[in-house]
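**Student:** Right, I'll just put the structure down here and ask away after.
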Amino acid sequence: MISEETIKHIAKLARLALTPEEVTLYSKQLAGILDHVGELAKVNTEGVVPLVTPTDMAIAVREDVVVPFKGDSEDWAVENAPDKSGNLYKVPAVL
Amino acid sequence: MTSIREMRDGVRNKKLKAKDLVSEALKKAHDAQPKYNSFISICDESAMKAAEHVDKLVASGKDPGPLAGVPIAVKDLLCTRGHRTTAASKILDQYIPPYSATVVEKLEEAGAIVIGKANLDEFAMGASNENSAYGAVKNPVDPTRVPGGSSGGSAAAVAAGIVRAAIGTDTGGSIREPASFCGITGIKPTYGRVSRYGIIAFASSLDQAGPMTRSVDDSAIVLETISGKDPRDATTADIAVPKWSENLKDNVKGLRVGLPKEYFADGIDPEVRKVIDNAVQLLKAQGATLVDVDLPLTPHGIAVYYIVACCEASSNLARYDGVRYGLRTKDAANLLELYEKSRGEGFGAEPKRRIMLGTYALSSGYYDAFYKKACQVRRLVREDFLKAFAKCDLIVGPVTPGPAFKLGEKFSDPLKMYLNDVFTLGAPLAGLPGLSVNAGFTKEKLPVGLQIIGPHFEEQRILDAAHTVETHL
Numbered sequence: 001m002i003s004e005e006t007i008k009h010i011a012k013l014a015r016l017a018l019t020p021e022e023v024t025l026y027s028k029q030l031a032g033i034l035d036h037v038g039e040l041a042k043v044n045t046e047g048v049v050p051l052v053t054p055t056d057m058a059i060a061v062r063e064d065v066v067v068p069f070k071g072d073s074e075d076w077a078v079e080n081a082p083d084k085s086g087n088l089y090k091v092p093a094v095l
Numbered sequence: 001m002t003s004i005r006e007m008r009d010g011v012r013n014k015k016l017k018a019k020d021l022v023s024e025a026l027k028k029a030h031d032a033q034p035k036y037n038s039f040i041s042i043c044d045e046s047a048m049k050a051a052e053h054v055d056k057l058v059a060s061g062k063d064p065g066p067l068a069g070v071p072i073a074v075k076d077l078l079c080t081r082g083h084r085t086t087a088a089s090k091i092l093d094q095y096i097p098p099y100s101a102t103v104v105e106k107l108e109e110a111g112a113i114v115i116g117k118a119n120l121d122e123f124a125m126g127a128s129n130e131n132s133a134y135g136a137v138k139n140p141v142d143p144t145r146v147p148g149g150s151s152g153g154s155a156a157a158v159a160a161g162i163v164r165a166a167i168g169t170d171t172g173g174s175i176r177e178p179a180s181f182c183g184i185t186g187i188k189p190t191y192g193r194v195s196r197y198g199i200i201a202f203a204s205s206l207d208q209a210g211p212m213t214r215s216v217d218d219s220a221i222v223l224e225t226i227s228g229k230d231p232r233d234a235t236t237a238d239i240a241v242p243k244w245s246e247n248l249k250d251n252v253k254g255l256r257v258g259l260p261k262e263y264f265a266d267g268i269d270p271e272v273r274k275v276i277d278n279a280v281q282l283l284k285a286q287g288a289t290l291v292d293v294d295l296p297l298t299p300h301g302i303a304v305y306y307i308v309a310c311c312e313a314s315s316n317l318a319r320y321d322g323v324r325y326g327l328r329t330k331d332a333a334n335l336l337e338l339y340e341k342s343r344g345e346g347f348g349a350e351p352k353r354r355i356m357l358g359t360y361a362l363s364s365g366y367y368d369a370f371y372k373k374a375c376q377v378r379r380l381v382r383e384d385f386l387k388a389f390a391k392c393d394l395i396v397g398p399v400t401p402g403p404a405f406k407l408g409e410k411f412s413d414p415l416k417m418y419l420n421d422v423f424t425l426g427a428p429l430a431g432l433p434g435l436s437v438n439a440g441f442t443k444e445k446l447p448v449g450l451q452i453i454g455p456h457f458e459e460q461r462i463l464d465a466a467h468t469v470e471t472h473l
């Protein structure tokens with residue numbers, strides 16, 4: 001079982017607003033999923049190095065040179081902004 | 001319907017006009033929309049312009065490219081510069097990318113023409129294309145059934161004969177499963193073959209784009225066009241792209257075909273089993289040797305995948321915060337509410353579930369037991385495959401335990417939906433190339449794909465084997 005308190009805590013960490021119905025629904029569904037994935041504990045992984053990149057590859061390096069991006073307009077970076085002022089994004093007060 | 005090879009040869013030899021191919025595809029796309037809902041947007045204007053450009057190049061004697069005039073559908077997960085890209089999510093409903101994915105740029109440079117953005121499960125999360133904010137996609141083979149997912153729209157567009165090729169992406173099976181359900185060919189390349197630049201990220205260590213087509217030759221031609229090292233994606237491999245289509249052979253003589261006992265256990269639909277067994281015998285009749293292999297960690301693949309993918313997704317989807325692009329709530333009293341409510345309003349249920357699962361598995365006190373553990377088991381999964389490949393040259397089996405299921409059948413039980421992925425998860429976890437090629441039909445005429453998995457970077461080998469299957473079926 002995963003408590004509704006825990007669901008609310010995770011939602012806060014993930015910056016997700018949930019309705020009370022969603023809290024109840026996800027609490028049930030996540031409990032089921034977590035039960036299933038929890039069985040990984042049975043696999044012996046002593047001394048096993050975690051794998052993230054599945055294909056063997058060296059870390060790619062490149063010259064520290066800026067390649068400027070040419071957008072279709074001067075203000076391409078704020079084109080999709082929900083609220084802006086000139087070429088700045090507008091948000092509620094941060095502090 | 002004309003093959004890609006015939007289409008591009010026709011255009012290059014002035015026997016066909018790109019304008020005609022494209023207007024035909026656009027008309028079919030619009031006509032089929034109410035039936036299958038395979039598109040989120042159709043690019044009438046830009047496609048006709050691009051077609052005119054290709055025809056002009058041909059007329060002036062310039063090289064129009066190896067995919068000249070070929071209409072193509074692109075999963076609405078790949079950014080298309082100046083054209084709406086939604087990831088099938090409300091949170092990106094009106095998003096217009098300022099850039100195109102490398103895959104899209106390569107296709108356009110080759111003369112291919114994007115005629116529409118194909119529908120998908122939201123943020124590529126799903127196996128039925130029922131999770132789209134723009135409605136479910138219907139399987140053209142049987143419209144009461146799902147086309148599979150998450151590249152359901154791409155599969156449907158090809159299966160319905162709208163286009164000969166579509167681009168999908170595969171993280172846990174999202175090219176192979178819909179390809180199987182819709183009776184077409186679909187290939188997920190080796191991790192690092194194809195650039196992920198400009199592809200809206202779900203799970204960065206798993207995502208790969210690939211072609212979905214009517215034939216193996218079509219897939220080979222498209223795959224070689226979109227593959228290659230990309231300085232803008234540091235996870236692309238520094239390895240040459242072979243001429244897969246030029247070297248495509250119908251020849252499996254002496255090839256050792258591995259049959260994992262875990263892929264042929266109980267729980268597989270008997271009709272699916274019949275088709276797969278028949279395909280295996282076909283390969284044997286064509287000169288391959290059958291070898292029993294083991295992939296003992298197969299049952300744990302679901303747990304590994306869902307932890308790794310959801311953890312990576314929780315990080316990748318953190319950028320949708322309503323600040324610079326995408327949906328912003330009208331209801332925020334402060335900055336925190338702006339984040340929480342924009343995301344709460346914008347994301348569908350499946351992305352929310354996966355973000356929550358990933359956040360939980362990465363959180364303090366759970367990180368070692370879940371995420372670190374899953375990454376350790378992932379290494380063991382990869383080792384399983386490498387051990388198997390010491391005894392065989394390729395691995396075959398079913399794509400899913402059953403054929404295309406009915407719309408709504410698995411939708412309310414997320415875990416049931418996840419269990420459907422048991423055979424497709426292995427290849428992405430290990431970074432291996434895998435494909436699905438149609439190998440027959442059930443009694444109810446539902447398509448069944450044969451899955452073929454190869455060692456890293458051995459796309460030629462699995463394409464050849466798939467070509468043998470399609471030739472001799």
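Protein chains in written order, with our numbering: chain A, 1 to 95; chain B, 1 to 473. Even for Gly, the Cβ is constructed at its ideal location relative to N, Cα and C. Quantities reported herein were computed from a predicted structural model and do not represent experimental measurements.
1) Between residue 70 of chain A and the rest of its own chain, which residues show a CB-CB distance below 6 Å, the 5 nearest in sequence each way excluded?
2) Assign residue 232 of chain B to buried or exposed, taking buried as 16 or more other Cβ atoms, counted over all protein chains shown, within 10 Å of its Cβ.
3) Going straight from the alpha carbon of residue 288 of chain B to that of residue 253 of chain B, what length do you get?
4) What is the residue span of the alpha helix (DSSP H) that residue 225 of chain B lies within?
5) Quick check: what's the CA-CA separation for residue 46 of chain A versus residue 300 of chain B?
6) Applying a beta-carbon distance threshold of less than 8 Å, which residues of chain A neighbour residue 375 of chain B?
7) Put residue 202 of chain B into one of helix, strand or coil per three-state DSSP.
8) Under DSSP, the alpha helix (DSSP H) around residue 406 of chain B begins and ends at which residues?
9) Look up residue 7 of chain B in the DSSP assignment and say whether it is helix, strand or coil.
10) Run through DSSP, which three-state label would residue 103 of chain B get?
11) Assuming residue 386 of chain B and residue 465 of chain B form a contact by the criterion Cβ under 8 Å, report the distance between their Cβ atoms to the nearest whole angstrom.
12) Compare the beta carbon distance of residue 140 of chain B and residue 36 of chain B with 9 Å and say whether it is the shorter of the two.
13) Is the CB-CB distance between residue 136 of chain B and residue 170 of chain B below 9 Å?
14) In chain order, what residues of the same chain lie with their CB nearer than 6 Å to the CB of residue 321 of chain B, ignoring the 5 residues before and after it?
15) Within the 9 Å Cβ cut-off, does residue 80 of chain A reach chain B?
16) Report yes or no: is there a C-beta of chain B within less than 9 Å of the C-beta of residue 22 of chain A?
17) Mind checking the segment 67-91 of chain A against chain B and listing, in chain order, the residues whose C-beta falls within less than 8 Å of any C-beta there?
18) Thinking just about the alpha-carbon of each residue, which of B/431, B/419, B/452 and B/261 is nearest to the one in residue 439 of chain B?
19) Three Cβ pairs or more, each shorter than 8 Å: is that satisfied between the segment 273-286 of chain B and the segment 350-357 of chain B?
20) Suppose the cutoff is 6 Å on Cβ atoms and the five residues either side in sequence are ignored; what does the same chain contact list for residue 226 of chain B look like?
21) With 9 Å as the C-beta to C-beta threshold (strictly closer), list the residues of the segment 2-17 of chain A near chain B in chain order.
22) Who does residue 211 of chain B pair with in a DSSP beta bridge?
23) Shorter than 9 Å from the beta carbon of residue 56 of chain A to some beta carbon of chain B?
24) Can you find the residues in the same chain that come closer than 7 Å, C-beta to C-beta, to residue 101 of chain B, ignoring five residues on each side of it along the sequence?
25) Can you tell me whether residue 407 of chain B is buried or exposed? The criterion is at least 16 other CB atoms within 10 Å of its CB, across all chains shown.
26) Taking only beta-carbon atoms, is residue 7 of chain B less than 9 Å away from chain A?
27) Measure how close the beta-carbons of residue 120 of chain B and residue 76 of chain B come, nearest whole angstrom, since I'm counting them as under 8 Å.
28) Restricting to Cα atoms, I'd like to know which of B/28, B/363 and B/65 is closest to residue 13 of chain B.
29) If the cut is a Cβ gap below 8 Å, which residues of chain B does residue 41 of chain A touch?
30) Checking contacts by CB at 9 Å: is residue 207 of chain B closer than that to chain A?
31) Quick one: is residue 94 of chain B buried, meaning 16 or more other Cβ sit within 10 Å of its Cβ, or exposed?
32) Is the beta carbon of residue 77 of chain A closer than 9 Å to that of residue 324 of chain B?
33) Apply the 10 Å Cβ neighbour rule to residue 65 of chain A and answer buried if 16 or more other Cβ atoms are within range, or exposed otherwise.
34) Comparing alpha-carbon positions, which option in A/14, A/4 and A/1 lies nearest residue 363 of chain B?
35) What are the boundary residues of the alpha helix (DSSP H) that residue 188 of chain B is part of?
36) Name the two residues that bound the continuous alpha helix (DSSP H) containing residue 27 of chain A.
**Tutor:** On the basis of the data shown:
1) Residue mapping note: residue 70 of chain A aligns to position 70 of the first sequence, counting from 1. So the list is empty, once near-sequence residues are dropped.
2) Indexing the second sequence from 1 puts residue 232 of chain B at position 232. So residue 232 of chain B counts as exposed.
3) Here residue 288 of chain B corresponds to residue number 288 of the second sequence, with the count starting at 1. Here residue 253 of chain B corresponds to residue number 253 of the second sequence, with the count starting at 1. Answer to the nearest angstrom: the Cα atoms are 5 Å apart.
4) Residue mapping note: residue 225 of chain B aligns to position 225 of the second sequence, counting from 1. Note, residue 225 of chain B: alpha helix (DSSP H), 216-226.
5) As a first step, residue 46 of chain A must be located in the first sequence, where it is residue number 46. As a first step, residue 300 of chain B must be located in the second sequence, where it is residue number 300. Answer to the nearest angstrom: the Cα atoms are 17 Å apart.
6) Working through the second sequence from its first residue, we reach residue 375 of chain B at position 375. The answer, in chain order, is 50, 51 and 52.
7) Here residue 202 of chain B refers to the residue found at position 202 when the second sequence is read from its first residue. Three-state result, residue 202 of chain B: coil.
8) On the second sequence, position 406 is the one that residue 406 of chain B refers to. From DSSP, residue 406 of chain B is part of no alpha helix (DSSP H); its letter is neither H nor E.
9) Position 7 of the second sequence, counted from the first residue, corresponds to residue 7 of chain B. It is helical.
10) Locating residue 103 of chain B in the second sequence gives position 103, counting from the first residue. Three-state DSSP puts residue 103 of chain B in a helix.
11) Along the second sequence, read from residue 1 onward, the residue named residue 386 of chain B stands at position 386. Along the second sequence, read from residue 1 onward, the residue named residue 465 of chain B stands at position 465. So it is not a contact: roughly 19 Å between Cβ atoms.
12) Residue numbering aside, residue 140 of chain B sits at position 140 when the second sequence is read from its first letter. Residue numbering aside, residue 36 of chain B sits at position 36 when the second sequence is read from its first letter. With a cutoff of 9 Å on beta-carbon distance, residue 140 of chain B and residue 36 of chain B are scored as near each other.
13) Residue mapping note: residue 136 of chain B aligns to position 136 of the second sequence, counting from 1. Residue mapping note: residue 170 of chain B aligns to position 170 of the second sequence, counting from 1. No, the pair does not count as a contact, with Cβ atoms beyond the cut-off.
14) As a first step, residue 321 of chain B must be located in the second sequence, where it is residue number 321. Cβ within range, chain order: 339.
15) As a working mapping, residue 80 of chain A is identified with position 80 in the first sequence. Yes, residue 80 of chain A counts as interfacial toward chain B.
16) In the first sequence, counting from the first residue as 1, residue 22 of chain A sits at position 22. Chain B, which has a Cβ nearer than 9 Å to the Cβ of residue 22 of chain A, makes this yes.
17) Identification of residues in the segment 67-91 of chain A having a C-beta nearer than 8 Å to some C-beta of chain B yields 69, 71, 72, 76, 77, 78, 79, 80, 81, 82, 83, 89 and 91, given in sequence order.
18) Residue numbering aside, residue 439 of chain B sits at position 439 when the second sequence is read from its first letter. Nearest C-alpha to residue 439 of chain B: B/452.
19) no
20) The residue labelled residue 226 of chain B in the question sits at position 226 within the second sequence. Contacts found: 103, 106 and 194.
21) 2, 6, 7, 9, 10, 11, 12, 13, 14, 15, 16 and 17
22) Locating residue 211 of chain B in the second sequence gives position 211, counting from the first residue. Beta-bridge pairing links residue 211 of chain B to B/167.
23) Working through the first sequence from its first residue, we reach residue 56 of chain A at position 56. So, interface residue.
24) Along the second sequence, one-based indexing puts residue 101 of chain B at 101. Contacts found: 78, 79, 197, 198 and 199.
25) Walking along the second sequence from the start, residue 407 of chain B turns up at place 407. That one is buried.
26) Counting from one through the second sequence, the residue named residue 7 of chain B turns up at place 7. Taking Cβ atoms only, chain A never reaches closer than 9 Å to residue 7 of chain B, which makes this a no.
27) Your numbering for residue 120 of chain B matches position 120 in the second sequence. Your numbering for residue 76 of chain B matches position 76 in the second sequence. So it is a contact: roughly 6 Å between Cβ atoms.
28) Within the second sequence, numbered from 1, the residue matching residue 13 of chain B stands at position 13. Nearest option by C-alpha distance: B/65.
29) Against the first sequence, residue 41 of chain A aligns to sequence position 41. Result: 369 and 373.
30) Counted from its first residue, the second sequence places residue 207 of chain B at position 207. No, because no Cβ of chain A sits closer than 9 Å to the Cβ of residue 207 of chain B.
31) Start at 1 with the first residue of the second sequence, and residue 94 of chain B comes out as number 94. Under this definition residue 94 of chain B is an exposed residue.
32) Position 324 of the second sequence, counted from the first residue, corresponds to residue 324 of chain B. Position 77 of the first sequence, counted from the first residue, corresponds to residue 77 of chain A. Yes. Within cutoff.
33) Counted from its first residue, the first sequence places residue 65 of chain A at position 65. So residue 65 of chain A counts as exposed.
34) Position 363 of the second sequence, counted from the start, is the residue given in the question as residue 363 of chain B. For the set A/14, A/4 and A/1, the Cα lying nearest the Cα of residue 363 of chain B is the one of A/14.
35) Taking the second sequence and counting its residues from 1, one reaches residue 188 of chain B at position 188. Where residue 188 of chain B is concerned, there is no enclosing alpha helix (DSSP H), although the beta strand (DSSP E) around it starts and stops at 185-188.
36) Within the first sequence, numbered from 1, the residue matching residue 27 of chain A stands at position 27. Annotation: the continuous alpha helix (DSSP H) that includes residue 27 of chain A extends over 20-37.
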